[in-house]
Amino acid sequence: MKKFITILTLGLVSLLHAEDSFEFRNDSVAVKEDISFSHFSVFLEGGEIYPMGDLMDAVENALYGGIGVHYTYWDNVDGVVMFQYTYFKPRTDIYYDGVHQFMGRVGADWKWPVIRPVVLGAGFTCSWTRADAEQIHYEKRGGTLTDNETEFGWYARISLPVFKFKEYSAGFHVSWEQLWTLPKRSNMLYAGLTLERSIW
Amino acid sequence: MNSFINKIIISALSVSLTSAFASIDPEMEGMEVVSRDDGTFLIGSPTFYFDRALGAGGIHSESELWTPRKLHHRLLFNRLSVLPSWNPIETPSIWMKTGNELGDLIYQDFLTESKERPINRTPILEGGFRTPLFHGLWATFRLFQDDHYCFYSARAYRMNQVDGSFSYFGENWPMFSSAYGGLGFTNDFVNASVLAGMEYIWIFTESSRWIPVQYKPRIEARADVGNFSTTFVYENAEYQNYRKKESGERKEVNGSIVYSCGENCQRGMLQLSAGLAFRFVDDDGVVYTGLANDRALWPFLEMRVRPSEQLKFDVMFGVNDRDWLVQDSVEYQIPVLEKMKITLGAKNMSGTRLNPIADTHEYFDGDTISLTANGKMNLLQAFVRFDDTLTNFIGFGLRGSFWAEHGAETFEADKYVKDGIYTFRHGDVSRINSWIKAVTGEFWVKLWYKDLLRFTALTGFERIDGKEKRFEVNPSEFFVSFNADWLIKKTFRISHSLRYRSDAEWNLRTNDPFVVKGDWYWDATFEQRFPKYGISLAGTIIQALGREMIETPNGEYSRIRFFCTAKKAF
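Just so you know, the protein sequences line up as chains A and B, in that order. Under my numbering, think of the first position of the first sequence as 103, with each following residue one higher. Under my numbering, think of the first position of the second sequence as 483, with each following residue one higher.
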């Protein structure tokens, strides 16, 4: 009971000081067992984005490229952080040429031994968009994108490394991404290549 | 940490022990109420909410009541609010937070007629740092802005009230936008800081108006030396109504000096603390609110008598030339049933005003709204609490109480006026000079396994009998919540909260009662922790499942939102 009250108290303290919650650093066992960043790699990737569902009528397929890092989180799980860029051209009658989109993702890749070398991943995504427009016509279709617009969502991903040489590896990946937009959710399929270099 | 602040936190914990809920990250410090439903928590904006835990006793909300543990809260008109917090982050660290209400169009805009567009969704942003100590010295900076609860047709109304922009970033007209920085010095004997900054705040008043106030500058100095804690604040607050070509300025000095019971004293049977809270204002032009005699001096005394381990008495007493306020309680843990932790208790609160340091008048279209009422209020509560452990992984408990209040503060509305989408009210703060009685009950089951899981199922009900149509808010009658914190491999945290609260009702801010329908809500936080490096990456979804609705009159929609936080401790 005393332990529970201690845990509860710590929880409540973390509520009262929610912006200052670094208590986990004081858990000596957690610090000792923390294997994060024992391996670290950087990667470049690029490919094509395929809008799905209603979005197929809104924008054309687009090429994308970006950078990212992998770091050890648990034994068979890597953390991943990605930054990507793409440029979407509208399919409908929009008064500007296209939209710049930057994507940031944070998630995890699970190297499940049963299906190795296939890697499963998932995480949260954030897309920042701005229309490639010189004039603002907010009331026209696409007008909201002339101001900065941001939306969050989630992604799921399958990666297949097919080539490995010393610290380099390369492979394919396919991702499904859903942005939490309205009036409907926006789904896109990503397919591309990854080139990765292990740093340590 | 200063012993007085320690005591404050311990007091807060003892008050909060029945309301165990998951550790959902709040979108901003002070916005924890968004993820609570163990009572009535109705959010109008980050700068105004009605927050009343079920079983707290009385019909007032917590933020209406002055207590010594709120000395570092912000006084926003007559409410004491954590947000916008000027409490320096304690751990040397750097942090960044950003998020958005869900439901922007992005490429759906290519398929959607402009008249069918959903309302624009709005973000939050926060960034800051606190340096490590350098010979005891440290520096900090914080910029934070919450654009939620701000973007409906009311945005256009508020835009006409100010000249130019009214935030650090963007065009959403957020309800607050704040930035400050400063220096501090900390060693074993002293913890001192001086912060300076500027902020934009929309303050909600008794007339139900949103008043724009720009603090330019705001300077806050704190020093904790030994058993003394001092806080001095200087504010130059600029008021305006661009539409009516009105402007005003308030120069204010406020703060507190407190002597708290030291470590030796805390081991004794009698523990005494005493302090003085103060405000001095100098108004020029149209300020919309007023403080009688341009000052409030509030000396107060706290006392705890603990004749035995099982018995304790707590008293807080404050008095000045206008008001007095007493808050006292007694708790007795029955020794023969020690393992069952059965506690009997009673509390009393009496006074002429819930918040004796707040302004005394509001000025609205030629009318003076009195914010003080004649007479006094008296709240009595008796409770029994029991908390037992069945095994080493499950426990349960309950708390039942009866309370009665006479002279509860309320508002006597003379008339309502419409202005655009808003409804304002004329009248005065008043009292309900009859008894309000209530019974409350809460029951909880807790389940835990090592540090992997903490789970709490909690339900409660409250039946109130009184002149309900004169209550500012008829609180929710019942709630149920399921909360869990998972910590996987000591490094991955999932906290989630699924809960329901019944209807609540605002009676006095509109001609007809404003009903806030009950609903289910789900919040969740996912956090990657890196203990060795002091890094945390977290994503939080708030207000999922439930209907998006306006929870207070003249307030804005509470929407589903997602935000992510990255922090690194030095």
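We put the CB at the ideal spot given by N, CA and C, even for glycine.
Query                                                                                                                                                                                                                   : Result
May I ask you to report which of helix, strand or coil DSSP gives residue 856/B?                                                                                                                                        : coil
Can you give the beta carbon distance from residue 563/B to residue 556/B, rounded, assuming they're within the 8 angstroms contact cut?                                                                                : 5 angstroms
Out of 851/B, 935/B, 828/B, 914/B, point me to the one whose CA is closest to residue 876/B's CA.                                                                                                                       : 935/B
Could you check whether the segment 260-275 of chain A touches the segment 218-232 of chain A, counting it as contact only if at least three pairs of C-beta atoms, one from each stretch, sit closer than 8 angstroms? : yes
Between the Cα of residue 810/B and those of 786/B, 826/B, 802/B, 801/B, spot the shortest distance and give me the residue it belongs to.                                                                              : 786/B
In chain order, what residues of the same chain lie with their CB nearer than 8 angstroms to the CB of residue 549/B, ignoring the 5 residues before and after it?                                                      : 798, 809
Buried or exposed for residue 708/B, going by 16 or more other Cβ atoms inside 10 Å?                                                                                                                                    : exposed
Please name the residue in 895/B, 519/B, 852/B, 753/B whose C-alpha comes closest to that of residue 993/B.                                                                                                             : 895/B
Compute the Euclidean distance between the alpha carbons of residue 594/B and residue 721/B, then round it to the nearest angstrom.                                                                                     : 40 angstroms
Near residue 667/B, what residues of its chain come up, given a Cβ to Cβ distance below 7 angstroms and the 5 sequence neighbours on each side ignored?                                                                 : 618, 619, 674
Report yes if the CB atom of residue 757/B is closer than 7 angstroms to the CB atom of residue 738/B, and no otherwise.                                                                                                : yes
On the DSSP bridge assignment, give the partners of residue 820/B in chain order.                                                                                                                                       : The partner list for residue 820/B (beta bridge, DSSP) is empty, contrary to what the question assumes.
Pull up the CB-CB distance for residue 1018/B and residue 985/B, whole angstroms please, since I reckon it's below 8 angstroms.                                                                                         : The pair is not a contact, with the Cβ atoms about 37 angstroms apart (cut-off 8 angstroms).
Curious, which full-length beta strand (DSSP E) runs of at least 3 residues does the segment 601-641 of chain B contain?                                                                                                : 605-612, 619-628
Consider the Cβ of residue 282/A: report whether some Cβ of chain B lies at a distance smaller than 7 angstroms.                                                                                                        : yes
Given this structure, state the Cα-to-Cα distance separating residue 139/A from residue 886/B, to the nearest angstrom.                                                                                                 : 59 angstroms
Does the beta carbon of residue 180/A come closer than 7 angstroms to any beta carbon on chain B?                                                                                                                       : no
Considering only DSSP beta bridges, list what residue 576/B is partnered with.                                                                                                                                          : 611/B, 1050/B
With a threshold of 6 angstroms on Cβ separation, who are the neighbours of residue 207/A within its own chain once the five nearest residues in sequence on each side are excluded?                                    : 184, 225, 227
Please go through the same chain and pick out, in chain order, the residues whose beta-carbon is closer than 6 angstroms to the beta-carbon of residue 776/B, but skip the five residues on each side of it.            : 763
Among 1037/B, 978/B, 823/B, 629/B, whose alpha-carbon lies nearest the alpha-carbon of residue 603/B?                                                                                                                   : 629/B
Cβ of residue 244/A less than 7 angstroms from any chain D Cβ?                                                                                                                                                          : Included in the structure are the protein chains A and B, with no chain D among them.
In or out: residue 217/A buried (at least 16 other Cβ within 10 Å) or exposed?                                                                                                                                          : exposed
So, for residue 1024/B: in the same chain, excluding its five sequence neighbours on each side, which residues have a beta-carbon less than 8 angstroms away from its beta-carbon?                                      : 506, 509, 516, 517, 1005, 1042, 1043, 1044, 1045
What is the rounded straight-line gap between the Cα of residue 752/B and the Cα of residue 551/B?                                                                                                                      : 19 angstroms
When you compare the CB of residue 543/B with every CB in chain A, is at least one pair closer than 7 angstroms?                                                                                                        : no
Compare the C-beta of residue 157/A with all C-beta atoms of chain B and state if any pair is closer than 7 angstroms.                                                                                                  : yes
Among the residues of its own chain, which have a CB less than 6 angstroms from the CB of residue 585/B, if the five just before and after it don't count?                                                              : 600, 603
List the residues of chain B whose Cβ lies closer than 8 angstroms to the Cβ of residue 144/A, in chain order.                                                                                                          : Ordered by position in chain B, no residue passes the 8 angstroms Cβ test against residue 144/A, which lies about 18 angstroms from the chain.
Output yes or no for whether 7 angstroms exceeds the beta carbon distance between residue 879/B and residue 868/B.                                                                                                      : yes
So, with DSSP's three-state summary, where would you put residue 657/B?                                                                                                                                                 : coil
Using C-beta distances below 7 angstroms, list every residue in its chain close to residue 698/B, excluding the 5 sequence neighbours before and after it, in chain order.                                              : 680, 718, 720
Give the DSSP-derived three-state secondary structure of residue 1007/B in the structure shown.                                                                                                                         : strand
Please state the DSSP three-state secondary structure of residue 592/B.                                                                                                                                                 : helix
Just how far apart, CA to CA, sit residue 174/A and residue 265/A?                                                                                                                                                      : 20 angstroms
Would the beta-carbon of residue 827/B fall within 7 angstroms of that of residue 857/B?                                                                                                                                : no
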